[in-house]
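Visitor:
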Amino acid sequence: MHPYLLPVFLLTVTMSSSLFASDAESTMVSPVSADAVVWIKSPQDGQRVSSPVTLSFGNSNVAISPAGTERANSGHHHLLINLQELPAMDMPLPASAQVIHFGKGQTETTLELEPGVHSLQLLLGNHLHVPHARPVMSEKITITVE
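Counting from 44, one number per residue, gives the positions in the sequence shown under our numbering.
Right under this line is the structure:
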């Protein structure tokens, strides 16, 4: 290869790689209905409960489907516990003690929570665990575990 072609080759490879990366990233985020909502049905905001805590999730204008199932206007729940900041909205949600995945499409769970005040919020993720283009999340509620 001629020396003067090397910079052109490298520039082409770099530009192609960045184009492919942005295409891959953009396909991770899914559209969702403008009126899609999720909420925590129980417990109620401000409620005093004992552990284990049974939670029930509601949804409207969006289907709940298991992770890995690519289906229009659908997703699965992620429960955010005591998070001060929301996770990145353009990447798969990390599984942790504070971000619980319900990848089987569950709409109810029972959790052991330490005594004290806890914040809870639902965030819907698509088939890849990525929040939708318009994030579908519940209001944050606060409960007290006695």
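For glycine and all other residues, C-beta sits at the position ideal for the given N, C-alpha and C.
Quick check: what's the CA-CA separation for E113 versus K84?
Guide: In the sequence shown, counting from the first residue as 1, residue 113 sits at position 70. In the sequence shown, counting from the first residue as 1, residue 84 sits at position 41. Roughly 26 Å between the two C-alpha positions.
Visitor: Could you tell me whether the region 130 to 137 touches the region 75 to 93, using the rule of 3 or more Cβ pairs below 8 Å?
Guide: Flag = no, the region 130 to 137 and the region 75 to 93 do not touch.
Visitor: Select from R91, H161 and S117 the residue whose C-alpha is nearest the C-alpha of Q127.
Guide: One-based indexing of the sequence shown puts residue 127 at position 84. The candidate whose alpha carbon is nearest that of Q127 is H161.
Visitor: Answer with buried or exposed for G111, where buried requires no fewer than 16 other C-beta atoms within 10 angstroms of its C-beta.
Guide: Reading the sequence shown from its first residue, position 68 is the one you call residue 111. Exposed is the call here.
Visitor: What do you get for P158, buried or exposed, if any count of 16 or more other CB atoms within 10 angstroms of its CB means buried?
Guide: Within the sequence shown, numbered from 1, the residue matching residue 158 stands at position 115. Exposed, by the Cβ-count rule.
Visitor: Got a sec, what are the start and stop residues for the beta strand (DSSP E) S117 sits in?
Guide: Position 74 of the sequence shown, counted from the first residue, corresponds to residue 117. Element bounds for S117: S117 to I124.
Visitor: Kindly indicate which three-state DSSP category M132 falls into: helix, strand or coil?
Guide: Within the sequence shown, the letter at position 89 stands for residue 132. Residue state, collapsed to three classes: coil.
Visitor: Residue range of the beta strand (DSSP E) that N169 falls in?
Guide: Against the sequence shown, residue 169 aligns to sequence position 126. Looking at the DSSP string, N169 is not in any beta strand (DSSP E), and its letter there is neither H nor E.
Visitor: Under DSSP, the beta strand (DSSP E) around E151 begins and ends at which residues?
Guide: Working through the sequence shown from its first residue, we reach residue 151 at position 108. From DSSP, the beta strand (DSSP E) with E151 extends over E151 to L154.
Visitor: What are the partner residues of N102, as DSSP defines its beta bridges?
Guide: On the sequence shown, residue 102 is found 59 positions in, with the first residue counted as 1. BP columns for N102 point to V81.
Visitor: Could you check how far apart the C-beta atoms of S108 and H175 are, in whole angstroms? I think they sit under 8 Å.
Guide: To locate residue 108, count along the sequence shown from 1; it is residue 65. To locate residue 175, count along the sequence shown from 1; it is residue 132. Actually they are not in contact, since the Cβ atoms of S108 and H175 sit about 13 Å apart, beyond 8 Å.
Visitor: Under DSSP, the beta strand (DSSP E) around T187 begins and ends at which residues?
Guide: To locate residue 187, count along the sequence shown from 1; it is residue 144. From DSSP, the beta strand (DSSP E) with T187 extends over I184 to V188.
Visitor: Going by alpha carbons, who is nearest to A79 out of K183, H119 and T153?
Guide: Numbered from 1 along the sequence shown, position 36 holds the residue referred to as residue 79. It is H119 whose Cα lies nearest to the Cα of A79.
Visitor: Just the Cα atoms here: how many angstroms apart are H227 and E151?
Guide: Lying outside 44 to 189, the shown extent of the chain, residue 227 is not represented and no answer is given.
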